[in-house]
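J.:
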Amino acid sequence: MTAEHFVFRLQATDGGARAGTYCTPHGALSTPVFAPVGTLGTVKAVSPRDLIDVGASLVLANTYHLYLRPGDGLIRDLGGLHAFMGWEGPILTDSGGFQVWSLGSNSQVSDDGVTFRSHLDGSLHQFTPERSIAIQQNLGADIIMCFDELADPDDYAYSQVALERTHRWAERCLAAWKTGDSQALFGIVQGGIFDDLRQASARTLAAMDFPGYAIGGLSVGESKEEMYHTLEVVTPLLPANKPRYLMGVGTIEDLIHGVSRGIDIFDCVLPTRIARHGAALTQSGQINIRNAQYERDDRPLDPQCDCYACQHFTRAYIRHLSKSNEILASTLLSIHNLRTLIRLTEEMRAAIVDGSFQSYAAETLGRLKAVSP
RNA sequence: GUGGAUGUAGCUCAACGGCAGAGCGCCGCACUGUGGAUGCGGUGGUUGAGGGUUCAAGUCCCUUCAUCCACC
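Printed below as a string of structure tokens:
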């Protein structure tokens, strides 16, 4: 049984797109897969039962936030994150590297690690690669991530400095990682939007033989063309028999472009965040359910959708809930948006298996463009 | 019927006789390894009506209407 864990089986390819399975101690992932984000050990507004209903198989939780509150030791003592949050499927934890960068100004980076102030109470803390791995071991996710350093994507000089540090930290994470049977450690390719740095990063990390590889530092302000180009540069240099995870992406469009360039795993806050702000993803693009035009609209959010929200409620009703700041609006829109992205991954997988991925991708992108400005 | 109070944006209310404003609502936009069900922008006026004083009136004076309160 243990031997099966963290084996990535490639089942079909279509152009650059891949369909596979990845075994974890809490179940197998069918790729391509989209992971809802549950930063604080909960996907906001959505219960684990709802997650099963929308077809979610992997959930992301966050090291930085859970370390600060309620504390990784507490979660370990209560049986680990799966038991704590009532989710029996696979979990992936971020390393905290992204928060240190995005919460930015009150942190200081050295070769040893990062000292930062808590956004909750201003207290001083330090993350090192070893500390990040120890916290992630306490949390007990199936997939854990190397502690990395991000740079602004168009700053070459600093991207180079951060990249070299990220590679040294990757070695230290590997050395600290002692849970190979129960947790897979993924390396993270960095290098901004610079081909030479990205290639160097992919080669360096591939040589370290991680169980899986992530591509980080994208969808942080660079153009879509730059992001897609970077994927084309990086994925051919990663081992074909290991899963590839594009961090923090994304949109319907980005998922299609990512899969076509060989990405297997995605996570993103977008579907649940925009849901709480009143937006629904549809086949033809994003709609703002709060707009006056939906006041008397008795259609579902997306007539093509098979989710609970679309099977039972009208746009008019969900608009009313959203305008009234009712909790159920966030829940229904989150369920719908998650189902939309997860169904997209399911359809892409089916298309890859039967060799029709190119036409599926073109058709789906075409529908989006038909309405986008 | 008598006395008093109040009438300003859709709502609640500001504005010394000197460019009529705020909050909320409404309308829209944004959100990509989630601190912040958030952030940003926009629309919105015969200052109840009519007259007068004044260089200038939401503001002072007169008339009128409406609403509320108290007392007959």
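For the first sequence, the working numbering begins at 1032 and goes up steadily by one. Yeah, the Cβ is synthetic: ideal placement off N, Cα and C, and Gly gets one too. Since the structure is predicted, the reported quantities are computational estimates derived from the model, not experimental observations.
What does the alpha-carbon distance come out to for the pair P1274 and G1051?
T.: The straight-line gap from Cα to Cα measures roughly 9 Å.
J.: In terms of residue numbering, what span does the alpha helix (DSSP H) encompassing M1406 cover?
T.: Shown here, the chain extends from 1032 to 1404; a query on residue 1406 therefore has no answer.
J.: Hey, how far is the Cα of S1213 from the Cα of P1270?
T.: Answer to the nearest angstrom: the Cα atoms are 22 Å apart.
J.: Expressed to the nearest angstrom, what Euclidean distance is found between the alpha-carbon atoms of I1318 and G1309?
T.: Cα to Cα, I1318 sits roughly 8 Å from G1309.
J.: Out of L1109, L1369, D1143, P1056, which one is the CA nearest neighbour of G1281?
T.: Nearest of L1109, L1369, D1143, P1056 to G1281, Cα basis: L1369.
J.: Using 8 Å for Cβ pairs, my map puts V1074 next to T1303. What's the rounded Cβ distance?
T.: Between T1303 and V1074 the Cβ distance is about 6 Å, and since that is below 8 Å, they are a contact.
J.: In the DSSP assignment, the beta strand (DSSP E) including C1054 goes from what residue to what residue?
T.: Where C1054 is concerned, the enclosing beta strand (DSSP E) stretches over 1048-1055.
J.: Measuring CB to CB, does Q1157 end up less than 8 Å from T1210?
T.: The answer is no: Cβ separation not under 8 Å.
J.: Measure how close the beta-carbons of I1349 and L1372 come, nearest whole angstrom, since I'm counting them as under 8 Å.
T.: About 18 Å separates the two Cβ atoms, so there is no contact after all.
J.: According to DSSP, H1096 sits in a beta bridge with which residue or residues?
T.: BP columns for H1096 are empty, so no partner.
J.: Determine the DSSP secondary structure at F1344, reduced to helix, strand or coil.
T.: If DSSP states are grouped into helix, strand and coil, F1344 belongs with coil.
J.: Alpha carbon to alpha carbon, how far is A1201 from A1238? Give it in angstroms, no decimals.
T.: Taking the straight line from one Cα to the other gives about 11 Å.
J.: Would T1261 and L1277 be called neighbours here (beta carbons separated by less than 8 Å)?
T.: Their beta carbons are not under 8 Å apart, which means T1261 does not touch L1277 by this criterion.
J.: By Cβ distance below 8 Å, which residues in the same chain neighbour L1352 in space, the five residues on each side in sequence not counted?
T.: So the qualifying residues of the chain are L1359, A1360, L1363.
J.: Could you spell out where the alpha helix (DSSP H) holding I1383 opens and where it closes?
T.: Run containing I1383: 1358-1384, per the alpha helix (DSSP H) assignment.
J.: Just reading off the alpha helix (DSSP H) that G1316 is part of, what are its end residues?
T.: Taken as a continuous stretch (DSSP letters only), G1316 belongs to no alpha helix (DSSP H), being part of the beta strand (DSSP E) at 1316-1319.
J.: Sorted by chain position, which residues of the same chain lie with C-beta nearer than 6 Å to V1405's C-beta, five sequence neighbours on each side aside?
T.: Limits of the chain in this structure are 1032 at one end and 1404 at the other, which puts residue 1405 out of reach.
J.: Helix, strand or coil: which one does DSSP assign to T1033?
T.: Note that T1033 scores a pLDDT of 48, beneath 50, so its modelled location is shaky and nothing firm can be said.
J.: Look at the alpha carbon of S1190 and the alpha carbon of T1197, and state the distance between them as a whole number of angstroms.
T.: Distance between the alpha carbons of S1190 and T1197: 10 Å.
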